Amino acid sequence: MKDKVMDQLQRFSKAMFIPVLILPIAGILIAVGNLFTNAKLLELLPFMDNPVTKGFGTILSGSLVSILNNLGLIFCVGLAAGLANKKKYEAGFTALLGFLVFINAMNKFMALTGILFTGESLRGTGQALVLGVQILDMGVFLGIILGIVTAMVHNRFCETEFQNAFQIYGGSRFVFIVLIPVTVILAVLLTYVWPFVQMGITSLGGFINRSGNFGIFIYGALERLLIPTGLHHLVYTPFLYTSLGGVETIGGQVFEGARNIYYAEIADPAIQVLSRSVIWDARGISKMFGLMGACLAMYHTARPENRNTIKAILIPAAFTSFIAGVTEPIEFSFMFVAPVLFVVHAGLSGLSMVVLNILNVRAIGPNGFLDFLLFNVPLGIHKTGWPMYIVTGLIFFVVYYAIFRLLITKLNLKTLGRETEGMEMKLHTKAEYKEKVASVKEGKDADDVDAPLIIKALGGAGNIEKVDNCFTRLRLIITDPDLVEEDVLKNGTGANGVVKKGNNVQVIYGLKVTAVRKAVDEELGNGESN
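Its first residue numbered 27, the sequence shown is counted upward by one per residue in our numbering.
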């Protein structure tokens, strides 16, 4: 039962990436639009102070804020597609239809029962407009619930076919037929149930906020500690996109969740100081600075004869963590061989968020230095306090380095370069060098994905039930996990780590995971249904 629950949680976490990974794109473009309307920037660059560029910035940022106002719909469609076993596009389309049916069913039922608020302002009533339809304010939870329900109905009935005159009603059309009464009944039930759920969420948010810096520390540490399970997304997502992360009224509209509030505030020139809610998205100190200190400590504590080899491993990993915020290649280098370091890393990650809160710094860098520059610098020092963010980061670079070096040496931890067993640290022969040069001359990419080897290391094509990926991990459902050869995946295919949870296997490839997934799918002959 435990493995089954973990499997479902991991599948849900993986599906969440479809809507979640789209949102930073909207945030970046909002920040770009803000560049064209930023008063201080216009003072420095007077040629940009004209109706054309300012109008472009206003349209760009203003239009993309609409995405934040419709997160329920985005999560509904994204989750349905992500959780569908096959015919994913049809699942997403059906989810859109189900969403429209739900909001109108709830609106009509609330009107019939006299629950629908008829005043001028909906603030504080627990109701909101969704696509112009007044319903209970369920926020992103509405999309999550409907996305899951749609996927369940779709997976059960998407292959149902009929004969003769009823043939046209089979497949995805039958899914929609079944979904209509399900969503109507759900709308009626949630009309009565959701107010109590909302009270619970509000109470939890109040408890976390009353916990102050302790709550922030637990949040930051837990978000790192769950990395091995792949469930860390379930920690930060509610804070970024639901009322747990705060509720603010900006430009007459109500926004829930730290990231939504942040995007709305940076798009509104009237906002002088960012709200405290932003701190829930300030997870970048350990990614941009801390883990670089950890890498330096591992390099300095490695055996002298191994330093050149691990330098080639650590520098790309540190650069990726700093620029793009992808930390798993580094974390998996010490997570299992020296778990005490991972616990320390989680604690320092939470502590960095506490320090930023104490210093009243509202800058963020969740996806690395490029995000940091785009989101914070154009807003000015007063609005975000971004210089202090960098100062804090440099301090944590030193703290990480000192603590990691002390623990590695005092506890004799076998981090990279401190032992050769199980590590590919060898000088290549002249023949191997010539072979590699020849392959490059023939136009072959030295970094080509060896899909056949990956499949073989996973126990063969017959052992692989399902292939998927998130931002950094190849996620698979395996028939027999004991057939998976972890050493081959790590040393032969370039994986940074392997995590097994029942029949779920996650292979960490970092930013190249999309190319790996594509190559494996092509080798297996998988189509869209996977």
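We put the beta carbon where it would ideally sit given N, CA and C, even for glycine.
All values reported here derive from a predicted model rather than from experimental measurement.
Under the DSSP definition of a beta bridge, which residues are partnered with Ile504?
Ile490
Reducing DSSP to helix, strand and coil, say where Asn530 ends up.
strand
Specify the secondary structure class of Ala328 as computed by DSSP and reduced to three states.
coil
Three-way DSSP call (helix, strand, coil) for Leu550 in this model:
helix
Are the beta-carbon atoms of Val179 and Val201 separated by less than 7 Å?
Their beta carbons are under 7 Å apart, which means Val179 touches Val201 by this criterion.
How far does the beta strand (DSSP E) with Glu146 in it reach, from first residue to last?
From DSSP, Glu146 is part of no beta strand (DSSP E); its letter is neither H nor E.
Anticipated Cβ contact below 8 Å, Val363 with Lys313, distance rounded
For Val363 against Lys313, the beta-carbon gap comes to about 21 Å, at or over 8 Å, which does not count as contact.
Three-state secondary structure assigned by DSSP to Leu499
Sequence check: residue 499 is Arg here, not Leu. Of the three classes helix, strand and coil, the one that applies to Arg499 here is strand, per DSSP.
With three or more beta-carbon pairs closer than 8 Å as the criterion, would you say the segment 497-505 touches the segment 533-545?
yes
Three-state class that DSSP yields for Tyr187 in the structure shown
Here residue 187 is Glu; the residue named in the question, Tyr, does not match the sequence. Of the three classes helix, strand and coil, the one that applies to Glu187 here is coil, per DSSP.
On the CB-based measure, 16 or more other CB atoms within 10 Å of its CB, does Asn334 come out buried or exposed?
exposed
In terms of alpha-carbon separation, which member of Tyr262, Ile171, Met164 lies closest to Thr228?
When C-alpha distances from Thr228 are compared across Tyr262, Ile171, Met164, the shortest belongs to Met164.
C-beta contact flag for Ile311 and Gly419 at 7 Å:
yes
Which of helix, strand or coil DSSP assigns to Phe38
Reduced to three states, the DSSP call for Phe38 is helix.
Just verifying my parser: in three-state terms, what is the DSSP assignment at Val403?
helix
Arg37 versus Asn190, Ala107, Val91, residue with shortest Cα-Cα distance
Ala107
Val510 vs Val531 beta-carbon contact at 7 Å:
yes
How many whole angstroms separate the CB atoms of Ala372 and Ile356, which I take to be in contact at a CB cut-off of 8 Å?
Contact between Ala372 and Ile356 does not hold, since their C-beta atoms are separated by about 13 Å, which reaches or exceeds 8 Å.
How many angstroms separate the CA atom of Ala52 from the CA atom of Ile242?
26 Å
For Thr63, which residues of its own chain have a beta-carbon under 7 Å away from its beta-carbon, when the five flanking residues on both sides are left out?
Lys80, Gly83, Thr84, Pro295
Residue nearest to Ile292 in terms of C-alpha spacing, selected from Pro72, Ala121, Gly59
Gly59
Could you tell me which residues DSSP puts in a beta bridge with Leu155?
Gln160
Using 8 Å for Cβ pairs, my map puts Ala350 next to Gly394. What's the rounded Cβ distance?
4 Å
Meets three-Cβ-pair contact criterion under 8 Å: the segment 427-434 and the segment 409-417:
no
Three or more C-beta pairs below 8 Å linking the segment 107-120 and the segment 170-185:
With a cut-off of 8 Å, the segment 170-185 and the segment 107-120 count as touching, because enough Cβ pairs lie within range.
Going by Cα to Cα distance, which pick from Leu155, Cys102, Ser375 is closest to Asn239?
Ser375
Compute the Euclidean distance between the alpha carbons of Thr139 and Ile54, then round it to the nearest angstrom.
43 Å
Go to Thr435, then tell me how far its alpha helix (DSSP H) extends in each direction, as first and last residue.
412-436
Gly88 - DSSP class collapsed to helix/strand/coil
helix
As a quick exercise: from Asp513, Leu94, Thr346, pick the residue whose alpha carbon is nearest that of Gly536.
Thr346
Work out the CA separation of Ala41 and Pro365 for me, nearest whole Å.
28 Å
On the CB-based measure, 16 or more other CB atoms within 10 Å of its CB, does Phe398 come out buried or exposed?
buried
Please list the segments of the alpha helix (DSSP H) lying wholly inside the segment 336-397, counting only runs of 4 or more residues, in order along the chain.
354-360, 365-384
In whole angstroms, what separates the C-alpha of Lys527 from that of Asn133?
Taking the straight line joining both Cα atoms gives about 43 Å.
Hey, how far is the Cα of Phe359 from the Cα of Ala328?
A small fix is needed here, since residue 359 is Ser in this sequence, not Phe. Straight across, the Cα-Cα distance linking Ser359 with Ala328 is about 13 Å.
Quick one: using the 10 Å Cβ neighbour count with 16 as the cut-off for buried, is Gly551 buried or exposed?
exposed
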